[in-house]
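Structure record follows, encoded as structure tokens.
Number of protein chains: 2
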Amino acid sequence: MRILNRDTDLATRALCYLAQQQDKPISVAHLEDVLIAPRPFLRKILQVLQTQGFLKSFKGKKGGFILNKTADTIYIKDLIVAFHGPINTNECVFNKKTCPDIGSCLLKGKIERIKSYVSNELKSVTIASLIPQSKGE
Amino acid sequence: MRILNRDTDLATRALCYLAQQQDKPISVAHLEDVLIAPRPFLRKILQVLQTQGFLKSFKGKKGGFILNKTADTIYIKDLIVAFHGPINTNECVFNKKTCPDIGSCLLKGKIERIKSYVSNELKSVTIASLIPQSKGE
DNA sequence: CTTAATGATACCAGCGTGGTATCATTAGCA
DNA sequence: TGCTAATGATACCACGCTGGTATCATTAAG
Numbered sequence: 001m002r003i004l005n006r007d008t009d010l011a012t013r014a015l016c017y018l019a020q021q022q023d024k025p026i027s028v029a030h031l032e033d034v035l036i037a038p039r040p041f042l043r044k045i046l047q048v049l050q051t052q053g054f055l056k057s058f059k060g061k062k063g064g065f066i067l068n069k070t071a072d073t074i075y076i077k078d079l080i081v082a083f084h085g086p087i088n089t090n091e092c093v094f095n096k097k098t099c100p101d102i103g104s105c106l107l108k109g110k111i112e113r114i115k116s117y118v119s120n121e122l123k124s125v126t127i128a129s130l131i132p133q134s135k136g137e
Numbered sequence: 138m139r140i141l142n143r144d145t146d147l148a149t150r151a152l153c154y155l156a157q158q159q160d161k162p163i164s165v166a167h168l169e170d171v172l173i174a175p176r177p178f179l180r181k182i183l184q185v186l187q188t189q190g191f192l193k194s195f196k197g198k199k200g201g202f203i204l205n206k207t208a209d210t211i212y213i214k215d216l217i218v219a220f221h222g223p224i225n226t227n228e229c230v231f232n233k234k235t236c237p238d239i240g241s242c243l244l245k246g247k248i249e250r251i252k253s254y255v256s257n258e259l260k261s262v263t264i265a266s267l268i269p270q271s272k273g274e
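Protein sequences appear in the order of chains Z and A. The opening position of the first sequence corresponds to residue 1 in our numbering, with each subsequent residue numbered one higher. The opening position of the second sequence corresponds to residue 138 in our numbering, with each subsequent residue numbered one higher.
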């Protein structure tokens, strides 16, 4: 069971780093060195973060990225959603038309509850809370 | 975030049905009708369940499958493991060599805790508990 | 000895993940 | 003005996993 993928992971790390910088735009080249991630992939991630409103970008020489929100208002869950869509899709795991007497939906109920729990937990983890000796948890 | 796949799902439904039958072997053909699932896929699933010790099989005419354990000792978690391997693989989501100062491992800790919770929850759900008005929860 | 069942095994299409590549655009700076 | 360093947009791609299918071998009932 995978909760974090490489993209959400990398996004988290990038945001954590940016949260610790001043308002000077940080370039992909710089982040590449710090995060030790493949440049083109990093670019893709950052572009997504920008279009989704997590980052502000500056083009041209001396350009780069800065946070567009404060670190304590960026939730891991929102990152996952940004990259992979809603966590708690309510589609029935079972064959649509079937769902017979077998108690399938008892199971469905249990699974849904577990998913809600996970979703809520992820909703409580902010970027700020992931920076050592920082505010936020 | 996917917890149940089609195989674990179908396996669950098959086991629930078999748990409600007597010790007469149930054939794939029969299960196909009841569960409304594609026959070859169903066969594959049942074969896995057999090799993993959940089912006992009888070959030849009048053959089929029966439970090899009591319904209250079959846990959903074990099914998931049987089909997809361990839930809580401890591989680092981050780049092995990196894991820098950014608090990556703070996140890792949180994720691991969530996974443990899910794992434990799934460990508490038995086939028996999924059969309406039955013993077990 | 036919037939209805499982065992074993191999194959396959489609899609999501984890990327790469390329060209267009913008802004700093000499 | 024009070079250059940066992002924007977009398209492409390999690989593995999921959700199956297909086929032949084996076994047991009648």
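Note that CB positions come from ideal geometry on N, CA and C, so glycine has one too. Everything numeric in this text was worked out from a predicted model, so none of it was measured.
| query | result |
| --- | --- |
| Local conformation of A/Gly-246 per DSSP, three classes | helix |
| CA-to-CA distance, Z/Thr-51 to Z/Phe-83, given in whole angstroms | 11 Å |
| Sequence-distant residues of its chain with Cβ nearer than 7 Å to A/Leu-216 (five each side left out) | Thr-145, Ala-148 and Thr-149 |
| Proximity test, Cβ basis, 8 Å: A/Ala-148 and chain Z | no |
| Residue closest to A/Arg-139, alpha-carbon to alpha-carbon, out of Z/Ser-129, Z/Pro-86 and Z/Leu-130 | Z/Pro-86 |
| Counted within 10 angstroms of its Cβ, other Cβ atoms place Z/Ser-124 as buried (16 or more) or exposed | exposed |
| Given 8 Å, three or more beta-carbon pairs between the stretch 43-63 of chain Z and the stretch 109-124 of chain Z | no |
| Candidates A/Val-165, A/Asn-257 and A/Tyr-212: closest to A/Phe-202 by CA position | A/Val-165 |
| Closer than 8 Å to chain A by CB, Z/Ile-74 | no |
| Per-residue contacts from A/Ile-163 into chain Z (C-beta, under 9 Å) | Result: empty, since nearest Cβ-Cβ is about 13 Å, beyond 9 Å. |
| Chain Z contacts from the stretch 162-184 of chain A (Cβ-Cβ distance under 9 Å) | Val-171, Leu-172, Ile-173 and Ala-174 |
| Neighbour flag for A/Ile-203 against chain Z, beta carbons, 8 Å | no |
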